[in-house]
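Asks:
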Amino acid sequence: EAGVVQSPRYKIIEKKQPVAFWCNPISGHNTLYWYGQNLGQGPELLIRYENEEAVDDSQLPKDRFSAERLKGVDSTLKIQPAELGDSAVYLCASSISRGKLFFGSGTQLSVL
Amino acid sequence: KNEVEQSPQNLTAQEGEFITINCSYSVGISALHWLQQHPGGGIVSLFMLSSGKKKHGRLIATINIQEKHSSLHITASHPRDSAVYICAVYTGTASKLTFGTGTRLQVTL
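In order, the protein sequence lines correspond to chains A and B. Per the working numbering, the very first residue in the first sequence carries number 1; after that it's consecutive. Per the working numbering, the very first residue in the second sequence carries number 113; after that it's consecutive.
1. So residue 17(A) contacts chain B; which residues on that side make the cut at Cβ distance below 8 Å?
2. May I have the straight-line CA-CA distance separating residue 199(B) from residue 145(B), to the nearest angstrom?
3. Taking the alpha carbon of residue 186(B) as the point to measure from, which residue in 114(B), 125(B), 132(B) has its own alpha carbon closest?
4. Which residues mark the beginning and the end of the beta strand (DSSP E) in which residue 181(B) is found?
5. Return no unless some Cβ of chain A is closer than 8 Å to the Cβ of residue 209(B).
6. When Cβ atoms are compared, which residues of the stretch 94-112 of chain A fall closer than 9 Å to chain B?
7. Residue 182(B) to residue 119(B), Cα distance in whole Å?
8. Under 7 Å between beta-carbons, which chain B residues line up against residue 41(A)? List them in chain order, please.
9. Look at residue 87(A) and residue 6(A) and say whether their C-beta atoms are less than 8 Å apart.
10. Hey, is the stretch 38-56 of chain A in contact with the stretch 68-82 of chain A, meaning 3+ C-beta pairs nearer than 8 Å?
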């Protein structure tokens with residue numbers, strides 16, 4: 001069975017450009033998370049979905065970040081416009097409710 | 113003070129040594145994860161536990177709910193165990209994970 005799939009693996013953009021990340025969770029996993037992780041730090045939650053509903057987006061910088069999870073399966077995280085401080089690894093994870101977490105390999109974003 | 117504290121922050125061990133990484137938390141939890149992250153790699157969930165002890169290969173995880181403490185043990189450590197080990201807890205009734213800052217383990221030959 002495929003794990004959590006994220007793309008792209010790496011992305012380099014100039015500041016003020018838009019960028020989007022895609023996540024395909026494990027089939028049947030109703031809960032999907034997007035995390036941001038800075039070098040040397042633990043992941044920080046950006047948004048959590050239960051099916052198609054965003055149930056916790058309190059840490060998402062809504063002025064520039066947006067996310068969607070159409071039909072409660074795949075999800076997209078977008079940044080527009082990107083800033084230098086957005087350089088980080090963006091991780092997607094999925095689970096069945098509060099069960100074991102499965103992480104994707106992450107997207108490493110560099111904003112120049 | 114962070115809700116989830118790990119110790120040590122950095123750990124260097126020689127191959128074959130027994131390793132212990134500790135995690136203490138200050139809030140009520142429903143479950144605790146131990147995660148492993150290799151440099152440049154994604155995160156792998158090693159254990160999810162809410163009581164007692166779990167074992168998988170050379171890895172053992174224990175949790176003491178009353179003392180709000182968990183430990184991850186690695187027996188017969190190997191250089192491929194070199195990674196960052198992260199403790200994360202589910203708090204309250206929401207599926208919200210709070211992460212520790214991680215323990216960076218380096219196992220040398």
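Ideal Cβ placement from N, Cα and C applies to all residues, glycine included.
Replies: In short, the structure shows the following:
1. Annotation: residue 17(A) has no Cβ neighbours in chain B at a cutoff of 8 Å; minimum Cβ distance is about 24 Å.
2. 6 Å
3. 132(B)
4. 181-186
5. Interface with chain A (8 Å Cβ-Cβ cutoff): residue 209(B) is included.
6. 95, 97, 98, 99, 100, 101, 102, 103, 104, 105, 106, 108
7. 11 Å
8. 213
9. Result no, Cβ atoms of residue 87(A) and residue 6(A) do not sit closer than 8 Å.
10. yes
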